[in-house]
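Below is one structure, written out as structure tokens; comments come after it.
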Amino acid sequence: MTAIARAVLVPVLLLASALGAAGCVYRPNIQQGNLLKVEDVEQVTTGMTRSQVRYLLGTPMLADPFDPQRWDYIYTFHRGRQTKYDRAHFVVRFDGDTVSKVEKLDVPDGATDPNKKKKKKTPELPEMGPHEPGLPPPAGQPQPDTSRPGGAG
Numbered sequence: 139m140t141a142i143a144r145a146v147l148v149p150v151l152l153l154a155s156a157l158g159a160a161g162c163v164y165r166p167n168i169q170q171g172n173l174l175k176v177e178d179v180e181q182v183t184t185g186m187t188r189s190q191v192r193y194l195l196g197t198p199m200l201a202d203p204f205d206p207q208r209w210d211y212i213y214t215f216h217r218g219r220q221t222k223y224d225r226a227h228f229v230v231r232f233d234g235d236t237v238s239k240v241e242k243l244d245v246p247d248g249a250t251d252p253n254k255k256k257k258k259k260t261p262e263l264p265e266m267g268p269h270e271p272g273l274p275p276p277a278g279q280p281q282p283d284t285s286r287p288g289g290a291g
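Read in order, the letters of the sequence shown are residues 139 to 291 in the numbering used here.
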């Protein structure tokens with residue numbers, strides 16, 4: 139291999155390995171704010187007190203010092219390398235100490251239609267194998283006869 143070819147090949151290989159390694163960097167999920175259930179937000183109604191709202195939804199993410207009559211509940215979830223992120227933004231407005239209005243500025247996907255429910259997948263249970271000695275057998279399996287020496291003989 140000539141010196142010129144080696145001088146070109148080394149930087150190209152270094153650049154290719156650096157670009158290849160850059161794609162292997164782990165990007166963690168980032169979760170920020172108040173994770174609220176839509177059912178809990180639906181329970182907030184006009185006439186409730188601040189303490190009732192705080193009991194249902196928790197402490198607000200943002201309590202504006204210039205507008206103490208407004209509480210913002212914000213939640214964002216960014217998954218690793220994905221550019222799209224989940225976001226929810228609910229605003230509770232007060233008149234004195236009671237709720238006057240609840241605004242849903244940014245509602246998560248699937249939360250707008252109350253009839254649309256995600257079907258939960260039931261987990262598959264593992265097959266029950268032989269149990270360990272000294273422990274009772276799982277329910278539904280015959281009990282060993284321990285009245286005679288030697289077990290179930």
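The beta-carbon is built from N, C-alpha and C at its ideal position, and this holds for glycine as well.
Let's test the definition: count the other Cβ atoms within 10 Å of the Cβ of A159 and tell me whether it reaches 16, buried, or not, exposed.
exposed
Use the C-beta contact count for F228: other C-beta atoms within 10 angstroms, 16 or more gives buried, fewer gives exposed.
buried
Return the CA-CA distance between A154 and P206, expressed in angstroms with no decimal places.
55 Å
Classify V237 as buried or exposed, calling it buried when 16 or more other Cβ atoms lie within 10 Å of its own Cβ.
buried
For Q169, the three-state DSSP class (helix, strand or coil)
strand
Return the Cβ separation of L195 and L173 in integer angstroms, given the expectation that the two are a contact with Cβ distance under 8 Å.
About 10 Å separates the two Cβ atoms, so there is no contact after all.
Give the C-beta separation of F204 and N167 to the nearest angstrom, bearing in mind that I take them to be a contact with Cβ-Cβ under 8 Å.
F204 to N167, Cβ: 33 Å. No contact.
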